[in-house]
């Protein structure tokens, strides 16, 4: 998949394209449905398929301080989009100037001038342009005047619940990793880099890898989880703590993981990804480190039971 960054990377070197547009945070099954239809529509013509997304959540510019934390950083989002079979991804800068473009300007400069769109595929609830005045119906009207067609893809419900990025964020904030796994079609993964901690886990017999993540990423709600950690292409079952270490005095919310059966070298400075499989319990304060160590041992055994050995192979 070709990756282009910024409006300056356009126009695309193509006679025509089939395009989809959105922020696509989490690349959930609703987004995946839009991508599948985009690829199908491109094959029908046949033309290259292109996704357009943005370098930050629009609310970071429109309502600063009220923007949501994100489910995927740009790099993982790009990898997930590539897996759907699209030919190119364009990442545009969503800045103050861009936010003032009316729908007509976006259609003129991006869809027509930049991407030579012949067909545009979006979710039914898609909005765009200044004050979100543009809708699917707007796209259809603009396309009729500018030489492209457009369609809206139905939203997705699972077991009576609407799939959306906001529903995934809401569940994660409450410590629920089951709905996000269903809504995204895969388990939540946090990407980051291991940083040096206080060494308390090592002193308890369970050395943990403290994960420094991109500050805009959403952490699941405080609690103890079972999952998998991936490092250097290998996967290890992991007991994961998302919390504030209340036994030792409160710290900022962070994630750390004990990698079961890990026998490698020191991890600080290394990239690490943590995949969440199940929530085991609340994070609570223990009266003594010994009590905490006994509980961690139980968490490790529960992780062995819940995460299949093959997941760590």
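In the numbering used here, the protein residues as written are 145 to 457.
Yeah, the Cβ is synthetic: ideal placement off N, Cα and C, and Gly gets one too.
Going by beta carbons, residue 272 and residue 238 fall outside the 8 Å limit. By the Cβ-count criterion, residue 410 is exposed, with fewer than 16 other Cβ atoms from all chains shown falling within 10 Å of its own Cβ. Going by DSSP, residue 176 is part of no beta strand (DSSP E) but of the alpha helix (DSSP H) stretching over 173-188. Within the same chain, and ignoring the five residues on either side of residue 301 in sequence, the residues whose Cβ sits closer than 8 Å to its Cβ are 307.
Residue nearest to residue 318 within the set 303, 299, 362 and 281 is 362 (criterion: CA-CA distance).
Within the stretch 291-362, the complete alpha helix (DSSP H) runs of at least 4 residues fall at 309-317, 322-328 and 344-347. When Cβ pairs closer than 8 Å are counted between the two stretches, the stretch 203-216 is seen not to touch the stretch 248-268, the count staying below three. Between residue 427 and residue 368, the CB-CB gap stays under 8 Å.
With contact defined as three or more Cβ pairs closer than 8 Å, the stretch 176-196 and the stretch 154-168 are in contact. Residue 412 holds the alpha-carbon nearest to the alpha-carbon of residue 338 among 412, 293, 374 and 313.
Here residue 241 carries a helix assignment [DSSP, helix/strand/coil]. For the pair residue 151 and residue 179, the CB atoms are not nearer than the 8 Å cut-off. In this structure, residue 370 sits near residue 421, with a CB-CB distance shorter than 8 Å.
Going by C-alpha positions, residue 360 is about 10 Å away from residue 211.
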